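J.: The structure is given below, and queries will be raised subsequently.
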Amino acid sequence: MTSYSVYVESGVAESLLRLKTKDRERLLRAFHQLRSDPFVDGDYVERDDIGRPIQVLLVGRHAIVFWADHAVKEVKILDLKPAGN
Numbered sequence: 019m020t021s022y023s024v025y026v027e028s029g030v031a032e033s034l035l036r037l038k039t040k041d042r043e044r045l046l047r048a049f050h051q052l053r054s055d056p057f058v059d060g061d062y063v064e065r066d067d068i069g070r071p072i073q074v075l076l077v078g079r080h081a082i083v084f085w086a087d088h089a090v091k092e093v094k095i096l097d098l099k100p101a102g103n
């Protein structure tokens, strides 16, 4: 399987810099996993403004909000939030 490109929203990238090293490394591993297997289902699904399913993957104390654009082989990481929200 061809791995996908991963695009991270700038606010997410800034948030990663403020995290503890352990949390940041765990999230980066999850990003790499999404690149190699973009068909992963999140722990739950939200809908965006146009009704597209957006996956929410729980990783430790954080939730990665993303969708895989299979037409262009990209995973788009839209948000990173506390897992409880």
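Just so it is clear: in the sequence shown, position 77 is 95 by this note's numbering, and no numbers are missing.
C-beta: ideal position from N, C-alpha, C; glycine also.
Bear in mind the structure is a predicted one, so any value in this text is a computation, not a measurement.
1. If you reduce the DSSP assignment to three classes, tell me which class S28 lands in.
2. From the DSSP output, in three-state form, read off F84 for me.
3. So what does DSSP say about L34, is it helix, strand or coil?
4. Out of D41, D87, R79 and H80, which has the shortest C-alpha to C-alpha gap to P71?
5. With a cut-off of 8 Å on the beta carbons, I'd call I95 and F49 a contact; round off their distance for me.
6. Contact defined as beta carbons within less than 8 Å: I believe D97 pairs with V83. What is the distance between those atoms, to the nearest angstrom?
T.: Here's the rundown:
1. As a working note, residue 28 is residue 10 in the sequence shown. S28: helix per DSSP, three-state reduction.
2. By one-based count along the sequence shown, residue 84 stands at place 66. Strand, per DSSP.
3. If you number the sequence shown from 1, residue 34 lands on position 16. Note: L34 maps to helix in three-state DSSP.
4. Counting from one through the sequence shown, the residue named residue 71 turns up at place 53. Nearest C-alpha to P71: D87.
5. Looking up residue 95 in the sequence shown gives position 77. Looking up residue 49 in the sequence shown gives position 31. Correct: roughly 7 Å between the Cβ atoms.
6. Stepping through the sequence shown from its first residue, residue 97 is reached at position 79. Stepping through the sequence shown from its first residue, residue 83 is reached at position 65. Between V83 and D97 the Cβ distance is about 4 Å, and since that is below 8 Å, they are a contact.
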